[in-house]
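Here is the structure we will look at.
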Amino acid sequence: MRLPALFALATLGFAPAARAQDAVDFNRDVRPILSNNCFQCHGPDEKTRKAKLRLDTQDGALAASVVPGKPDASELIARVIAPHDDAAAMPPAKSGKRLTAKEVDTLKRWIKGGAKYAAHWAYIKPALPPVPQTKFDTANAVDTFLFARLEQEGLKPQPGADRYALARRVALDLTGLPPTAAEVEAFVSDKAANAYETFVDKMLAKPAYGEHFARFWLDLARYADSAGYADDPLRTIWKYRDYVIESFNANKRFDAFTIEQLAGDLMPNATVAQQIATAFHRNTMTNSEGGTNDEEFRNVAVVDRVNTTYLVWMGTSMACAQCHTHKYDPITQIEYFRSYAFFNNTADADRPDESPKLEFWSDKQREQKADLEARIADLEAQLKGRKPDEAKPERDALAGLKKQLAALKPDTSVPVMKELTGAQRRKTRLQYRGNFLDLGDEVTEGTPAALHAFPKDAPKTRLEFAKWLVSSENPLTARVIANRFWEQIFGTGIVRTSEEFGIQGELPSHFELLDWLAVDFQRDWDVKRFLKLLVMSNAYRQSAKVTPELFERDPENRLLARGPRVRLTAEMVRDQALSAAGLLSPKMLGPSVRPQQPNLGVSAAFGGSIDWQTSAGEDKFRRGVYTQWRRSNPYPSMSTFDAPNRDTCVVRRARTNTPLQALVTMNDPVYIEAAQALARRTIAHGGKTTEERAAFALQACLVRPTTQAEVSRLVKLYDDAKAKFTKDAAKAAQFATAPLGPLPKGVEAADAAAWTVVANVILNLDEMLLKR
Amino acid sequence: MHPQLAWLQATTRRTFLNGSALGLGALALSGLEGRSAEPSADKPLAPRKPHFAAKAKRVIYLHMSGAPPHLDIFDYKPELQKRDGQNCPDEYLKGKRFAFTSGVPKLLGTRQPFKQHGKSGVWMSDAIKPLHAVADDVTVIRSMRTDEFNHAPAELLLYTGFARQGRPSLGAWTCYGLGSESENLPGFVVLISNGVQPSGGQGCWGSGFLPSVFQGVQCRSKGEPVLYLSDPPGLDRDTRRMGLDALKDLNELQEKELGHPETRTRISQYELAFRMQMSATEVMDISREPQKVLDAYGAKPGAGTFANNCLLARRLVEQGVRYVQLFDWGWDFHGTNPNEDIRDGLTKKGTTTTQSVAALIQDLKNRDMLKDTLVIWGGEFGRTPFREGRTAGGQVLGRDHYPDVFSLMVAGGGIKGGYTHGASDELGFKVAENEVHVHDLQATLQHCLGFDHTKLTYRFQGRDYRLTDVHGKVVKDILA
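Those protein sequence lines, which keep their order, are chains P and V.
The first sequence begins at 34 in my numbering and counts up by one.
The second sequence begins at 64 in my numbering and counts up by one.
As structure tokens, then:
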């Protein structure tokens, strides 16, 4: 099959620009070849190592296979160029792998140059690189790195986007919502030199900012309102979601945010918020199916905590090392269980009641509770020493009170981490092939030797482990997190594999920029400041216009020779429609809500029905971040837009473009309701003429002035639809009112139905689904 | 370079359906030479060649959720009948865990009459009478084994090669490898009888880390066939078309202004959605079938039954859908109520469901499609040769979950007809010969579709993943 040109180009990828012409760089050029073709049998894992040969270290390579300076005398070269049917050929024929001529040439040049190894780039602590020079206009250091690269590539940045486009783009990126008409007008008419900065500050200060970035973090935290597995019962843990929203809004330092979530319970004088934060790792699944072994699934949860922690903060896939020493990265199985040991001593144990939990009682409940407890104590004192057959009335009263006390439930609760002490503490032992029943020697807490050292004098606790993650010596965390925020703002990470910074991950498109950003972020871990740095760059503010040539050259916009333009997330698509319709509720925090969803008529195998009763009042119009997240059946319209089920940590959501998405925004009653509301707004506030109204509706959604061509096309649609609905009153009434409800007085059904058709089209525009 | 790279660069241009002009039958003429390394970025569901020429082109997997009691269906154990009611020997219990049995249970011989059927003499009980007629078309594997004894993990292991959520399913791998031959329908369709989901949930048809375009789309035989497929009340097709025309014009203005090719893709996705509204509605409407076909399957228009789903499976593959997955709940024969009794309860469940299975096999054969359609019938594990602990005191006879050996039926698509593979030991506790682990079954199904299971891989988080994890060998003996 002939591949489209775009595809062929993409496979070349965007390796970082060569730093010195023609010099072979081990990390950039050689390691990927060895890693992809050799390490599986000749890498760090001793158990599967063939012929006692290892190629992941210089000693290993020099021992047998490589003669520095002499490619022709090196066995490595002889093997990779041996004919396919030669038994000595490498990689072996049955692997289906074969080096290309270019790869062989790279290896030869590398050997010729001395066969030097270098530590994997991401394991070397980032240092502040010098800021390069560029002839293009820059707003900050971000631009200097990006634009210097554009110069190297013979490209140039686009002019700045117009203020309307920019206002919508940055509002969506920082708050997940379009700006209000008033906010946009204030920005557009602001003559001050720092008008844009004022607008950005305003966006960062909105409470919607915290809701938007919480959504991003909740994917990493695998937050859900159910416990998972077959039964997938509902779980109460929304206090953790609120903690994340409030932390972002308060601009909590990222290092503190980290330590609280991993070990808030162990902090001295831990506050309630710090304890709630530890629910981060109580988002693991709990299995309540009959016959399951609680210890087995507790073990699965601990494994998930180890993997998630390394994945989220260090972009390192530890999962491989659970069963065997890592095939690519320098992490042994014993080291895996050393990390495991840090997490192996919390009190939770796959129990259906999710204990231990933090309970929240209202003052009134607390009073009731105290009162009952006092009365019980009183009666018990009275009954002390009396025979069992005496004082029946008192005994009855006591039983009644105890029942009342048991029935008293807290307002809400949240599962938390709680460290075991003394004799309760568990010993950690190596698990052969990751099997919790097949145990090896005892292993104590520790971190992998290839990473920065754990402070010698620090106790080996979860708290110190959390501090180790955000220590200034850590080469990974600042890079990984800076890259995640970059991905949120620019669409693709500087390291595209934002989940994998190890040897099998991709190299950064801009090495020095990433290091500069990491050092800068680590300076104060100030998230708002860091995000502001990104959106204040000229690169971010460019127009998104693209020529066919540039698109061909850089389809993914890795070089940023134009402004970022990617599809909105599932939550943003829905929130934006509700917002344009004037339906979106500003209510924040609290228990999760159940917006309208189709009746699926399905039930879980052993659980109850998956269908739900739609929340009443404004709760059905809350932001997507508050929608009840059932792992076995995530909200269907959002999962169609690539929202994950959050069984485990999701680092990167896909951004697909499918006809099923078209069906959602065309037909889902939620979007029809939004179209009806927008139609009614248009009739009430959009002016007198059809032209004025069409422009009003369009502007309400796109937050920009409209063009004559657009308005005329919508006017024609309105006229055609109106003519049809005028002939069919029943259909008009149906389409104008179901599900939103009866029309306001004086509004004609055919008119409202025709505007609903128009509104439905606007809500489906390409421009609505993407940033512009 | 990562194959994932190609995917991620294309994420914004992925299509759910194959938008090419290739329809069913056009594949042979399209002159595909060699296999492309990766699905096309623009049309990920366009048909692709497998690794090697293969007999099977499509799959219908009939899953009996809960796990059928194979000892009362396929695996005849006279010795177990002889020792019915005796204590289960200790050697079979030592070091084992069961879902609902502890202590020493009693051996339980089948109450179903067994006989050899067809010219080939495949053993089948009377619980599945309708299948007797197709005995010569099927292979029965009596030496299946799995690692899991609870429904959800066992189902996930069977479909994704891994006992927990998160890996791509067999259907997703199939569409990733082969694309689809339908222009207007999803490549991978899931049908669930009477609305009861399998325990493994959506993970059984998920795409895991593969692009979501490959995940199964649940269609329903009752109500709206695909979520949000119907136009909203009051909006007729003409008015919808009017709206779509305006949408197209406005999107073209946008494309002109910014020059993003994704806008073009979006326009085509809306057109596909419009076409799908028609074609999915048509294909899911079984009232278009002749009465005698409906009768053969036992299907009734408007019902949500397994019979309807079997007929729909045939209609879908006929339209070029690559993989159809059915789930039928009600096979968890613990003996907690009369429906779960291995006597009458099983006869009733077995007879009604296998009528549709036999009809499907016969129907595919009549249409000359059985030869290139894999049909699989079975559960996620087997059931114990002893009576389940909880219900031992009652009147109803049931069996507990059992992973060490069970039976499964495969037909069509390059599989032998009238063949029995492997055997359990005398009492049915262990595989006695030719063990087929679920990973081996996966490797074999992929082989039938033209894939070397060790080479159909996808790189994710730094590792090449495959359906069979690091296991699996092709069971050559069952290949025709």
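Cβ coordinates follow ideal geometry from the N, Cα and C atoms, glycine included.
For clarity, every value in this text was computed on a predicted model and none was experimentally measured.
Starting from Trp-440/V, follow its DSSP beta bridges and name the residues at the other end.
Within the second sequence, numbered from 1, the residue matching residue 440/V stands at position 377. According to DSSP, Trp-440/V bridges with Leu-125/V, Met-472/V.
Chain V contacts from the stretch 548 to 581 of chain P (Cβ-Cβ distance under 8 Å)
Flagged, chain order: Ala-577, Lys-578, Val-579, Thr-580, Pro-581.
So is Ile-364/P buried or exposed if we call it buried at 16+ other beta carbons inside 10 Å?
As a working mapping, residue 364/P is identified with position 331 in the first sequence. So Ile-364/P counts as buried.
Report the three-state DSSP secondary structure of Pro-448/P (helix, strand or coil).
Position 415 of the first sequence, counting from 1, holds the residue named residue 448/P. Strand.
Among Lys-500/P, Gln-185/P, Cys-71/P, which residue has its Cα nearest to the Cα of Leu-140/P?
Counting from 1 along the first sequence, the entry for residue 140/P is found at position 107. Distances from the CA of Leu-140/P to each of Lys-500/P, Gln-185/P, Cys-71/P were compared; the closest alpha carbon is that of Cys-71/P.
Assigned secondary structure, Ser-648/P (DSSP; H/G/I helix, E/B strand, else coil)
Taking the first sequence and counting its residues from 1, one reaches residue 648/P at position 615. Reduced to three states, the DSSP call for Ser-648/P is coil.
Pull up the distance between the alpha-carbon of Gly-129/P and that of Ala-117/V, whole angstroms please.
For this step, residue 129/P is matched to residue 96 along the first sequence. For this step, residue 117/V is matched to residue 54 along the second sequence. Approximately 19 Å between the Cα atoms of the pair.
Cys-734/P at chain V interface by Cβ criterion, 8 Å:
Walking along the first sequence from the start, residue 734/P turns up at place 701. Taking Cβ atoms only, chain V never reaches closer than 8 Å to Cys-734/P, which makes this a no.
Is there a C-beta anywhere in chain C that falls below 8 Å from the one on Gln-382/V?
In the structure shown, chain C does not exist; the protein chains are P and V.
According to DSSP, Met-187/V sits in a beta bridge with which residue or residues?
Within the second sequence, the letter at position 124 stands for residue 187/V. For Met-187/V, which the question treats as bridged, DSSP gives the partners Lys-178/V.
Assigned secondary structure, Met-207/V (DSSP; H/G/I helix, E/B strand, else coil):
What you label residue 207/V is simply residue 144 of the second sequence in a count that begins at 1. Three-state DSSP puts Met-207/V in a strand.
Environment of Met-341/V [buried if 16+ CB atoms lie within 10 Å]
Position 278 of the second sequence, counted from the first residue, corresponds to residue 341/V. By the neighbour-count rule (16 or more Cβ atoms within 10 Å), Met-341/V is not buried but exposed.
Shortest alpha-carbon distance to Pro-132/V belongs to which of Arg-121/V, Leu-423/V, Thr-410/V, Phe-514/V?
The residue given as residue 132/V occupies position 69 in the second sequence. When only C-alpha atoms are compared, the closest one is Thr-410/V.
Rounded straight-line distance, which links the Cα of Ala-204/P to that of Ala-717/P
Against the first sequence, residue 717/P aligns to sequence position 684. Against the first sequence, residue 204/P aligns to sequence position 171. A direct Cα-Cα distance of roughly 27 Å separates Ala-717/P from Ala-204/P.
If you measure from the beta carbon of Ala-196/V to each beta carbon in chain P, is any gap under 8 Å?
For the purposes of this step, residue 196/V is taken as residue 133 along the second sequence, with counting starting at 1. Chain P contact via Cβ: absent.
Does Asp-358/V come out as helix, strand or coil in the three-state DSSP assignment?
What you label residue 358/V is simply residue 295 of the second sequence in a count that begins at 1. Helix.
Along the stretch 329 to 344 of chain V, what residues have a CB closer than 7 Å to any CB found in chain P?
Hits within the stretch, in order: Arg-329, Gln-332, Tyr-333, Leu-335, Ala-336, Met-339.
Can you confirm whether Leu-90/V, when its beta carbon is compared against all beta carbons of chain P, has any partner nearer than 8 Å?
On the second sequence, residue 90/V is found 27 positions in, with the first residue counted as 1. Reliability fails at Leu-90/V, whose pLDDT of 32 lies under 50, so the model's placement of it is uncertain and no value is given.
Counting only C-beta atoms, is Ile-120/V closer than 8 Å to chain P at any point?
Sequence index remark: in the second sequence, residue 120/V carries index 57 (1-based). The residue asked about is misnamed: residue 120/V is Lys in this sequence, not Ile. No, no contact with chain P.
With a threshold of 16 other CB atoms inside 10 Å of the CB of Thr-722/P, please say whether the residue is buried or exposed.
As a position in the first sequence, residue 722/P is number 689, starting the count at 1. Result: exposed.
So with Cβ pairs under 8 Å, would you call Ser-293/V a contact of chain P?
Start at 1 with the first residue of the second sequence, and residue 293/V comes out as number 230. Yes - at least one Cβ of chain P is within 8 Å of the one on Ser-293/V.
Pairing CB atoms from the stretch 273 to 280 of chain V with CB atoms from the stretch 304 to 313 of chain V, are three or more of them under 8 Å?
Touching, no, given that fewer than three Cβ pairs across the two stretches are closer than 8 Å.
Please report whether the beta-carbon of Ala-786/P lies at a distance below 8 Å from any beta-carbon of chain V.
Translated into the one-based positions of the first sequence, residue 786/P becomes position 753. With 8 Å as the cut-off, Ala-786/P counts as an interface residue toward chain V.
Let me know if Leu-802/P comes out buried or exposed under the rule of 16 or more other beta-carbons within 10 Å of its beta-carbon.
Residue mapping note: residue 802/P aligns to position 769 of the first sequence, counting from 1. Under this definition Leu-802/P is a buried residue.
Distance CB(Asn-320/P)-CB(Lys-561/P) smaller than 8 Å
Locating residue 320/P in the first sequence gives position 287, where the first residue counts as 1. Locating residue 561/P in the first sequence gives position 528, where the first residue counts as 1. Not in contact: Asn-320/P and Lys-561/P (Cβ atoms no closer than 8 Å).
Kindly indicate which three-state DSSP category Pro-295/V falls into: helix, strand or coil?
The sequence position of residue 295/V within the second sequence is 232, counting from 1. In the structure shown, Pro-295/V sits in coil (DSSP, three-state: anything other than H, G, I, E or B).
Considering Lys-390/P, what are the terminal residues of the beta strand (DSSP E) in which it resides?
Locating residue 390/P in the first sequence gives position 357, counting from the first residue. Residues 390 to 393.
Where Leu-583/P and Arg-495/P are concerned, what is the direct C-alpha to C-alpha distance, given to the nearest angstrom?
Looking up residue 583/P in the first sequence gives position 550. Looking up residue 495/P in the first sequence gives position 462. Answer to the nearest angstrom: the Cα atoms are 49 Å apart.
Name, please, each residue of chain P whose Cβ falls closer than 7 Å to the Cβ of Ala-215/V.
By one-based count along the second sequence, residue 215/V stands at place 152. In chain order: Tyr-262, Ala-263, Glu-322.
In angstroms with no decimal places, state the Cα-to-Cα distance between Ile-405/V and Glu-427/P.
Translated into the one-based positions of the second sequence, residue 405/V becomes position 342. Translated into the one-based positions of the first sequence, residue 427/P becomes position 394. Their backbone Cα atoms lie some 54 Å apart in a straight line.
Near Phe-232/P, what residues of its chain come up, given a Cβ to Cβ distance below 6 Å and the 5 sequence neighbours on each side ignored?
What you label residue 232/P is simply residue 199 of the first sequence in a count that begins at 1. Cβ contact annotation for Phe-232/P (same chain, cutoff 6 Å, sequence separation greater than five): Phe-220, in chain order.
Quick one: what's got a C-beta closer than 6 Å to His-534/V's C-beta in the same chain, skipping five residues either side?
For this step, residue 534/V is matched to residue 471 along the second sequence. Excluding residues within five positions, the ones whose Cβ falls inside 6 Å are His-502.
Between the Cα of Val-217/P and those of Asn-227/P, Arg-201/P, Thr-208/P, spot the shortest distance and give me the residue it belongs to.
Within the first sequence, numbered from 1, the residue matching residue 217/P stands at position 184. Measuring from the Cα of Val-217/P, the nearest candidate turns out to be Arg-201/P.
For the candidate residues Cys-74/P, Gln-437/P, Asp-89/P, Thr-90/P, whose alpha-carbon lies nearest to that of Lys-83/P?
As a position in the first sequence, residue 83/P is number 50, starting the count at 1. Taking the Cα of Lys-83/P as reference, the smallest distance to any Cα among Cys-74/P, Gln-437/P, Asp-89/P, Thr-90/P is reached at Cys-74/P.
Could you tell me which chain V residues have their CB closer than 7 Å to the CB of Cys-353/P, listed as they occur along the chain?
Taking the first residue of the first sequence as 1, we reach residue 353/P at position 320. Among the residues of chain V, those whose CB is under 7 Å from the CB of Cys-353/P are Arg-526, following chain order.
Identify, in the order they occur along the chain, each residue of the same chain with its Cβ nearer than 6 Å to the Cβ of Gln-418/V, setting aside the five sequence neighbours on each side.
Here residue 418/V is taken as the residue at index 355 of the second sequence, counted from 1. Apart from sequence neighbours up to five positions away, the residues of its chain that approach Gln-418/V with a beta-carbon distance below 6 Å are Pro-193, Gly-361, ordered along the chain.
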